[in-house]
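Okay, so the sequence shown: first residue is 818 according to the numbering used here, each after it adds one.
Glycine residues also receive a C-beta, built at the ideal position from the N, C-alpha and C atoms.
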Amino acid sequence: MTSERLEAFSDGILAIIITIMVLQLEAPKETTFKCLYKMTPIFLSYVVSFLYISIYWNHHHQLFKIAKKINGKILWANLNLLFWLSLIPFTTSWIGKNHIENVPVILYGVVFIMSEISFLFLKYNIIQLHGKDSSVGKDLRINKSNLLFFGIQIIGLLLMGINDYIPLSCFLIAGIVKVVELKKVYDYMLVKLQ
């Protein structure tokens, strides 16, 4: 299998995940702003989840623009990532329907953390295949923003007892950290491709 075929397969799965999330959004039966306010947890969890899926889709795309070779370990690491990402619609719906209760938020955070660990494991396997000293190995090195990403998410989960919206805010901030990292990746790729 070529990296392009793996990327296309993953794109299809991510598109299905986003479609499932959209289909779980139900329009309110009333036509007031008050009913929209009641939907804040549902909409907020959807926005954060959509951001994360978008981030992983973008990172995945860039990852396979750099890596041209794949093997069985990479295939399984990719499926592991897709597994964790496929749980995002479930946890998003669970948070929204239960108005940001503790257990759904904990599972939501665990799914995000496991998605990132899975993505790092995928990168690690690609680096192993190409070699640490190869241009791919140097391009894909793991950076400090990954630690910041994990730290913000864990802080959010630890502060959950103070306010129900703190974890979602932290997940959103962590997502913004990943978007900043993604911009650096794009800038780097533009320079490298010229």
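To the nearest whole angstrom, what separates the beta carbons of Ile943 and Leu880, a pair I think is in contact under 8 Å?
Taking the sequence shown and counting its residues from 1, one reaches residue 943 at position 126. Taking the sequence shown and counting its residues from 1, one reaches residue 880 at position 63. Yes, they are in contact, since the Cβ atoms of Ile943 and Leu880 sit about 7 Å apart, within 8 Å.
Alpha carbon to alpha carbon, what distance is there between Lys995 and Asn875?
Locating residue 875 in the sequence shown gives position 58, where the first residue counts as 1. Locating residue 995 in the sequence shown gives position 178, where the first residue counts as 1. When rounded, the distance between both Cα atoms is 10 Å.
In terms of alpha-carbon separation, which member of Lys851, Gln970, Ile979 and Val864 lies closest to Gly913?
Looking up residue 913 in the sequence shown gives position 96. Cα-wise, what sits closest to Gly913 is Val864.
Chain-order list of residues whose beta-carbon lies under 7 Å from that of Ile872 (same chain, five-residue window excluded):
Indexing the sequence shown from 1 puts residue 872 at position 55. Correct list, in chain order: Gly992, Lys995, Val996 and Leu999.
Looking at Pro921 and Ile834, is the spacing between their C-beta atoms short of 9 Å?
Taking the first residue of the sequence shown as position 1, residue 834 is located at position 17. Taking the first residue of the sequence shown as position 1, residue 921 is located at position 104. No. Outside cutoff.
Taking Trp893 and Val928 to be in contact with their CB atoms under 8 Å, please state how far apart those CB atoms are, rounded to whole angstroms.
On the sequence shown, position 76 is the one that residue 893 refers to. On the sequence shown, position 111 is the one that residue 928 refers to. Actually they do not touch by this definition, with Cβ atoms about 19 Å apart.
Is Ile923 close to chain D, meaning its C-beta is less than 9 Å from at least one C-beta of that chain?
Absent from the structure is chain D; it holds one protein chain and no more.
Is the beta carbon of Pro984 less than 9 Å from the beta carbon of Gly926?
Residue 984 sits at position 167 when you count from the first residue of the sequence shown. Residue 926 sits at position 109 when you count from the first residue of the sequence shown. Cβ atoms of Pro984 and Gly926: closer than 9 Å.
Other residues of its chain near Lys885: CB distance less than 7 Å, five sequence neighbours each side excluded:
Taking the sequence shown and counting its residues from 1, one reaches residue 885 at position 68. Within the same chain, Lys885 has close Cβ partners Ser820.
DSSP three-state call for Thr908: helix, strand or coil?
Translated into the one-based positions of the sequence shown, residue 908 becomes position 91. Helix, per DSSP.
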